[in-house]
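Residue numbers (the numbering used here): 20 to 629.
First up is the structure itself, then whatever we jot down about it.
And the structure:
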């Protein structure tokens, strides 16, 4: 964007090497001075076109009005959400770039079922920025935001050893190295811990590829020292496949889980790390460090493998804790016809899972993220202080828990637990305690009624004892026992779905409720869907500001950035026992000619040693 480029030239510049080793307390004083100059500027970075509401057309039914942005110039515009032929669409108009229409949610019935679970949070009591602009140009978090941080992301590098064809984030293409010092990382983590009514307690260390940092273990330790209860490291898994020691070091430092890219079970759908994943999982087993598999789901690319991805997760459930699918976010100037070939939404993926699992996992087994808010409200009523809440927008994500029996049948938790009934019971109990009833009497009453909502006869064998299952619920809800929650997770497979926004389906009401946030190097806390959807205004702008020139970084580290390129030995990886064992019974990978394996890797941008 030309406007953004001109705006960048007006900002003060810094030499990051002069800031990097300042203590966290000094960094706080220094870095926050730059925030006003780094914020998006009206009339330079964006425009506002409130205009009139887009009109409904024949065959369309109003769902809601909202605010959105122009995908080309980021102008704020009014948008309408409407139902047509059983789907929810968004339409908006920019005076400069015309009309945009996009699929918002692939099934209206699911949209309405999810919408009834929406719960708003308590807002942000300690905003990082004042209210100076409209959403989404005032992120930091500001007083307008409705949800506390549920998961904090911290980008610790923009270096990566892969050269995936679609990526413009890694350092060589960016033209600079973003790699905050340990003191700087400590400052950023502290900023998120200051937030009220509930500070950040879960963090994902991300990049680039975080495992390229020699001090990644120190970063995990710092996160633990700063009070984070749950620490996950986001990786493509390449180093984990070849270095068993790093998995052990990560676990010993305090890592709870590795968040690992996994787009499919064949080299066609997952050329990023198809061959390395088996070895990474084996090394995670040795370290006793769990993994969450993270597929980006794209229509016409890997949508046909979502069932197989889940079966792969079940096969490796001794170490795989969950599968968290992410329907693709479409960035860049992509024509409507091309977007339609790629676009898939949460209900579309749910329908495919239902088909590909022969109805063992149905659409109705999934619930939107804020469904669990009654649990938090009940615990809050018991303890008398604000609790961790998942109050993200209902259209942002969905989840279920999956069990299985010895015969291999998949059993979602909804088969034997009445989720609606349990949540209504907890809501009522929270209201009673809040209104003054004795909390011990209310809790005893709740526990006596919980059994009505559990049909143990339909549960997997290990949960056929209703008493055992209810004991987990009691320990988690009343005793707040984290070990019981962990033990429950170890006996299930978490299935999640998060659809992050893009400029075409953007909905300001969603981003105001976002609870997955990034901490920026200047200390601002920014929702995922502003940080990544408007990189010129947030992610790239600030990371470039606090970065090293490539030549300076190479001189300082003695490394050559252009040499950090992974070259894959497909033949050797395919010959390993771990590879055969990992995909056996899930995908017939050996029926694919070796030449096709090599071609898949090369087309994706990863060279092959032959």
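Quick reminder that beta carbons are idealized off the backbone N, C-alpha and C, glycines included.
Asked	Found
Start-to-end residues for the alpha helix (DSSP H) that takes in residue 557	Looking at the DSSP string, residue 557 is not in any alpha helix (DSSP H), and its letter there is neither H nor E.
Whole runs of the alpha helix (DSSP H) within the segment 441 to 503, excluding any shorter than 4 residues	458 to 469 and 485 to 496
Other residues of its chain near residue 24: CB distance less than 6 Å, five sequence neighbours each side excluded	Bear in mind that the predicted position of residue 24 carries a pLDDT of just 40, short of 50, making it unreliable; the figure below should be weighed with that in mind. Closer than 6 Å at Cβ, skipping near neighbours: no residue.
Per-residue DSSP class, three states only, for residue 623	helix
Residue 598 and residue 294 closer than 8 Å at C-beta	yes
Rounded C-alpha distance that separates residue 222 from residue 172	6 Å
Residues sharing a beta bridge with residue 80, DSSP	102
Residue 263 versus residue 270 - alpha carbon distance	11 Å
Contiguous beta strand (DSSP E) assignments of at least 3 residues, all confined to the segment 303 to 358	309 to 313 and 339 to 346
N-terminal and C-terminal residue of the alpha helix (DSSP H) that residue 572 is part of	569 to 576
CA-to-CA distance, residue 580 to residue 592, given in whole angstroms	26 Å
Per DSSP, cross-strand counterpart(s) of residue 222	171 and 250
Where residue 291 falls, given that 16 or more other Cβ within 10 Å makes a residue buried	buried
Backbone secondary structure at residue 417 - three-state DSSP	strand
Minimum C-alpha distance to residue 164 - residue among 44, 412 and 41	412
Candidates 277, 552, 53 and 150: closest to residue 342 by CA position	277
Helix, strand or coil at residue 288 according to DSSP, with G and I counted as helix	coil
Burial state of residue 510 (16 or more Cβ within 10 Å)	exposed
Nonlocal neighbours in the same chain, by C-beta distance under 7 Å from residue 160, ignoring five residues either side	143, 146, 147 and 544
Rounded distance between the beta-carbons of residue 353 and residue 316, thought under 8 Å	Contact doesn't hold; Cβ gap of about 17 Å is too wide.
Contact set for residue 240: own chain, Cβ-Cβ below 7 Å, skip 5 residues either direction	272 and 273
Cβ neighbour criterion (16 or more within 10 Å) applied to residue 443	exposed
Residue 84 classed as buried or exposed, judged by whether at least 16 other C-beta atoms fall within 10 angstroms	exposed
Cβ-Cβ distance between residue 532 and residue 410 below 8 Å	yes
Cβ neighbour criterion (16 or more within 10 Å) applied to residue 109	buried
Per-residue burial, residue 392 [other beta carbons within 10 Å of its own, 16 or more giving buried]	buried
8 Å Cβ cutoff met for residue 401 and residue 458	yes
Start-to-end residues for the beta strand (DSSP E) that takes in residue 36	Here residue 36 belongs to no beta strand (DSSP E); instead the alpha helix (DSSP H) covers 35 to 38.
Reduced DSSP category for residue 544 - H, G, I as helix; E, B as strand; rest coil	strand
Collapsed DSSP secondary structure at residue 431 in the structure displayed	strand
Residue 278: first and last residue of the uninterrupted beta strand (DSSP E) it sits in	276 to 280
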